[in-house]
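Written below as structure tokens is the structure these notes are about.
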Ligand SMILES: [Zn+2]
């Protein structure tokens with residue numbers, strides 16, 4: 008493996024190789040998120056979380072390699088909040104969840120992305136307070152939820168979300 012060759016395990020358990028940063032690699036097609044890109048506009052793309060097989064766990068990422076909202080132009084800032092609103096509405100409309108937790112790292116070395124994490128009943132039952140247990144819930148999903156049944160549910164939701172977002 009060459010120095011700049013990186014690997015990541017996707018929601019199906021398949022190892023994918025990439026050379027750029029994750030966000031750029033998804034944008035340029037080197038990495039293929041499950042369900043592919045669900046929506047894109049001038050500045051952003053939307054896809055299922057790459058690694059965590061939770062139904063309706065959706066990522067909004069910049070097309071260009073920006074790291075912070077502070078790096079956005081005024082147009083991009085408006086575009087971003089309108090898109091968050093659009094994706095949340097679509098996720099509610101297709102019945103993924105009615106409540107979400109938005110997680111966004113603001114780091115100098117990570118391609119900008121916001122995660123829309125659905126608050127689901129099974130998470131509350133198994134882990135209690137969802138926001139306090141995001142890491143444990145994701146680890147649990149990676150460990151236990153790469154099942155054909157769950158993957159087919161993710162695929163179904165990706166298809167519905169794609170249709171809803173592109174209406
Ligand atoms: Zn990047």
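Numbering (our numbering), first residue to last: 8 to 174. Where is the CB? At the ideal position from N, CA and C, for every residue including glycine.
CB of residue 57 within 9 Å of CB of residue 17, strictly: yes
Contiguous beta strand (DSSP E) assignments of at least 3 residues, all confined to the stretch 38-111: 51-55, 65-69, 107-111
Residues bridged to residue 22 (per DSSP): 16
Alpha-carbon to alpha-carbon, residue 103 and residue 167: 10 Å
heavy atom of ligand 1 below 8 Å from residue 30 C-beta: yes
Given residue 52 as reference, the closest of 92, 68, 140, 121 once Cα atoms are compared: 68
DSSP three-state assignment for residue 159, whether helix, strand or coil: helix
Check: residue 27 C-beta below 8 Å from any heavy atom of ligand 1: yes
DSSP-derived helix/strand/coil call for residue 27: coil
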